[in-house]
Each structure stands twice: as structure tokens, then as C-alpha cells.
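Working notes for the structure below.
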Amino acid sequence: MNMVKERKPSFNEVAYHEAGHAVVAHYYRRAVFEISMQADKYVSGWMVNARRPPVGKRMDGISKLSQLWPHAVEELLVECTILMAGGVAEGGYLRIPLGQVEGAQADFESLVQEMRAMEVLQREIPEFQQMLPLNRERLLHSAIARANRIMTHHSGWLFVERIVGALIARPHLGQESLKRILADMRQDSGQLPSDRAPLNYQMAMDL
């Protein structure tokens, strides 16, 4: 009987993945609290960032509940973009399409859960029922496109590599360390090295 040996991700693969999440979370002004790496039998990592605010927190200046729906959808799209950014960064490092990035599967499952929660919210709130339903495929494609755009046009890749370098030196980065690394992200126009930039949008869409 042939046994397929499970491939274990390298330190760099996991580091790029978590750094991708962090950079895009920072881009959308979500506080990034920590990134940690651990290597026992296999390498694992995690990134913790501020979650999107509850829908009700967006009511300031909104007179009708139905007007809140576009804001809620935008917040969901931001959440999905952060989730997909890990796989986009890891795929860029490995030079493979996003659909081949094994580490992206868990993020995709989390993304589906986020979409389902929104769909339940729309069904349960009468004012939201009259709005156009979520298009999961379009939302996913928009999230991937945004993540790629941040990496390629907003110096994101440069800062992903800075975080990876810091993680190689120290496998835990707290909020203050990450703030220092990411402080000038929006001001830095940083030309991305063409030989290291992430895969383009069309390749990332090969799901």
C-alpha cells in the first residue's frame, strides 16, 4: 500500500502567511496584537488582530437600518481580505497559485463561516431582507483582488518581508514591535522587487 507523506510547511512559508495577514490588517487600520511562530514536530504560526466592530456599532449618523447594510458588507469584505492575504503572501513566496497553497484552506473555511453569519443576519433582520443577497463568489474574488493589490501597489510585499525577517530573528512579535515595523507602510511607495513580488491577480484567481 502506497502511503502519501504529508508535506510539512517550512518556517518561511508559515512566516510569510502570517505576515500577509498582519500587513493587510494594518492596511485596514485593524490593530495587530501579535504574531507568534512555533516549531515542534511541525511549524505553526498565528496572528491576532482586532476584529471588525459589531454591526450595531455602525449606527452613528445612520437614520435607517437598511442604510447600514453597505457598511456591514464592506466590513465583511475587509475581514475576508485579511483572511485571504495569508495565502496570497504564502503563494507569492512559493510562486504558486493561491488554489495550491495548502495553508489557505483553513482561512477559506473561516471566510465561509463569516459569509454564513452575514447571510443569517440578513435573513433575520427585515430591513436587510430587501437588500441584494451576498454573492459569495464575487466577495471571494474581490477579497483576493484587494489582497493582491495591497501587496503589489501599496508596498505590502516590502513590509511582509520585513516582518518575516523579524520573525526569523525572534519568533514572537508583540504589538509594539509590529507597530514599529509597519509604521511607515502607507507612506513608503517602495518599488517591489519584480522577482519576488506575489503572483498576479489572474494566477491568484486559479482556485
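Just so we're aligned, residue 539 is where the sequence shown starts under the working numbering, counting upward by one. Built from N, CA and C at the ideal position, the CB exists for glycine as well.
- Your pair L716 and I573 checks out as a contact, with CB atoms roughly 7 Å apart and the cut at 8 Å.
- C-alpha of W607 to C-alpha of D722: approximately 33 Å in a straight line.
- Distances from the alpha-carbon of L603 to those of L659, H710, R718 put L659 closest.
- In the displayed model, S582 falls within a strand according to three-state DSSP.
- Rounded to the nearest angstrom, the gap between the Cα atoms of L615 and R708 is 32 Å.
- Between W695 and M689, the alpha-carbon positions lie close to 5 Å from each other.
- Residue pairing for S574: DSSP places it in a beta bridge opposite W584, H710.
- Restricting attention to alpha helix (DSSP H) runs no shorter than 4 residues, the stretch 648 to 728 encloses them at 664 to 667, 674 to 691, 694 to 707, 713 to 720, ordered along the chain.
- Assignment of I620 by DSSP, reduced to helix, strand and coil, places it in the helix class.
- Taking 8 Å as the cut-off, the beta carbon of L636 is found closer than this to the beta carbon of V626.
- For the options R661, Y566, C618, V562, the alpha carbon positioned closest to that of E647 is the one of C618.
- Under the 10 Å beta carbon count, H691 is surrounded by fewer than 16 other beta carbons and is classified as exposed.
- Nearest Cα to Q605 within the set M669, E714, I701, R687: M669.
- When only Cα atoms are considered, E665 and K546 end up about 48 Å apart.
- Sorting R674, Y554, R568, L678 by C-alpha distance to the C-alpha of R633 places Y554 at the top.
- Taking the C-beta atoms as reference points, E657 is found nearer than 8 Å to L672.
- P547 sits in coil when the DSSP states are folded into three classes, being neither helix nor strand.
- Apart from sequence neighbours up to five positions away, the residues of its chain that approach A685 with a beta-carbon distance below 7 Å are V562, T619, M622, A623, V626, ordered along the chain.
- In the structure shown, V626 falls within a helical segment according to DSSP collapsed to helix, strand and coil.
- With contacts defined by Cβ atoms closer than 8 Å, M585 and A569 do not form a contacting pair.
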